[in-house]
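Participant:
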Amino acid sequence: MAKRISHQRITDIMLTMTKQALDDLARFEHHKKWTVRLLAMHLNIDQSTANRRLRRLVDLSLLARRPGDRQERGRSPDLYYLTPLGAVVLTRYLQRETGIEAPSIANPASNVHDLLVLELAIRLGWEKIRHREKITLTQYRWQTDRKLEPTGETFSLVPDLIIHGSDSMDTFIEVEQTAHYKHIRRKYETYMQVAYTYLAEDRGLPYLYFIFGDEQQERSLLPLHMQALREVYRPLMVVGYTHMEAVRSRDVRSLTDLDEIVHIEGGDF
1467 MAKRISHQRI
1477 TDIMLTMTKQ
1487 ALDDLARFEH
1497 HKKWTVRLLA
1507 MHLNIDQSTA
1517 NRRLRRLVDL
1527 SLLARRPGDR
1537 QERGRSPDLY
1547 YLTPLGAVVL
1557 TRYLQRETGI
1567 EAPSIANPAS
1577 NVHDLLVLEL
1587 AIRLGWEKIR
1597 HREKITLTQY
1607 RWQTDRKLEP
1617 TGETFSLVPD
1627 LIIHGSDSMD
1637 TFIEVEQTAH
1647 YKHIRRKYET
1657 YMQVAYTYLA
1667 EDRGLPYLYF
1677 IFGDEQQERS
1687 LLPLHMQALR
1697 EVYRPLMVVG
1707 YTHMEAVRSR
1717 DVRSLTDLDE
1727 IVHIEGGDF
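Here our numbering is used: position 54 in the sequence shown is 1520, and no number is missing along the way.
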């Protein structure tokens, strides 16, 4: 059973923190795992400054640091993540009615996934993006006469990222690293439901981009995605693919940049 944290301790900690430290902690609301490099990229500061700012939060026990693992090419970066105390202080600082929770770091694949999502959010324009927000939509049924009718139910999903386009066309971005076909197919089924809703409610054509970890991962997983796409797809949304190595080599810094490197496999052509 987790030990309760007193209001007095929370207050005492917050009184010792500068506005900068509180704002740095606030960056852990949606993305609860960071590295020095990603904080430096996000704030446009040097890595020594980013390291110092993260260490300050570690010293207050608001963050913990997990040293990087040994790899073939050196070590992976140290992982900084929100602690239970940090989650309570952050909830108080942001005045959230629902408590923010500390993350699990037990699964290395999840850690890699979360950092890839974070890097994309930074590159594509932090303020323009919805970060892992639960959305609930009205569910529609596709009829054989190419009409859509409401089922009377709703469905929910939590995309990795959503970017609202100025032309009313939203782009959903999913970082995918799993080889489990049922998971992949279920994701396409969910997004076809999203497309039905957008079409029925005249929201514009949605885009769905899958981002793989690297080129090798894309080569191995893309056939599974193509199979799922063939089985559930209707030409109601654009589906595109690329990988993070391409994102980095092209130094993608906007949705327009990303549009230029994804290869499209679906759309109302």
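Backbone N, C-alpha and C fix where the C-beta goes; we use that ideal spot for every residue, glycine too.
A quick note: this is a predicted structure, and the numbers were derived from the prediction, not measured.
Have a look at D1525 and P1550 and give me their C-alpha separation to the nearest angstrom.
Facilitator: Cα to Cα, the separation comes out at about 14 Å.
Participant: With which residues is H1473 paired in a DSSP beta bridge?
Facilitator: Per DSSP, none; premise fails for H1473.
Participant: My understanding is that L1674 touches Y1657, with C-beta atoms under 8 Å, so please give their C-beta distance in whole angstroms.
Facilitator: Right, their Cβ atoms sit about 5 Å apart.
Participant: Identify the continuous alpha helix (DSSP H) that holds G1552 and give its terminal residues.
Facilitator: Its alpha helix (DSSP H) spans residues 1550-1560.
Participant: Under 7 Å Cβ to Cβ from K1600, same chain only, skipping five residues before and after it: list those, please.
Facilitator: Result list for K1600: S1622, V1624, in chain order.
Participant: With the cut-off set at 9 Å, would you say R1562 and V1583 are in Cβ contact?
Facilitator: Against a cut-off of 9 Å, the Cβ pair of V1583 and R1562 comes out as no contact.
Participant: From I1479 to D1717, what distance separates their C-alpha atoms?
Facilitator: Approximately 39 Å between the Cα atoms of the pair.
Participant: In the DSSP assignment, find the unbroken alpha helix (DSSP H) run with Q1682 in it and report its ends.
Facilitator: Per DSSP, Q1682 belongs to the alpha helix (DSSP H) from 1681-1698.
Participant: Helix, strand or coil, according to DSSP, for S1428 in the structure here?
Facilitator: Residue 1428 is absent from the model: the chain starts at 1467 and stops at 1735.
Participant: Quick one: using the 10 Å Cβ neighbour count with 16 as the cut-off for buried, is P1672 buried or exposed?
Facilitator: The residue in question, P1672, is buried, as its Cβ has 16 or more Cβ neighbours within 10 Å.
Participant: Work out the CA separation of V1502 and P1533 for me, nearest whole Å.
Facilitator: Approximately 12 Å between the Cα atoms of the pair.
Participant: Please report the distance separating the alpha-carbon of E1567 from that of G1552.
Facilitator: Roughly 9 Å between the two C-alpha positions.
Participant: Which term fits A1661, buried or exposed, when burial requires 16 or more other beta carbons within 10 angstroms of its beta carbon?
Facilitator: Its Cβ being crowded by 16 or more others within 10 Å, A1661 is buried.
Participant: So, at 6 Å on beta carbons, what are the nonlocal neighbours of I1639 in its own chain, with the 5 sequence-adjacent residues on each side left out?
Facilitator: Answer for I1639: D1626, L1627, Y1675, listed in chain order.
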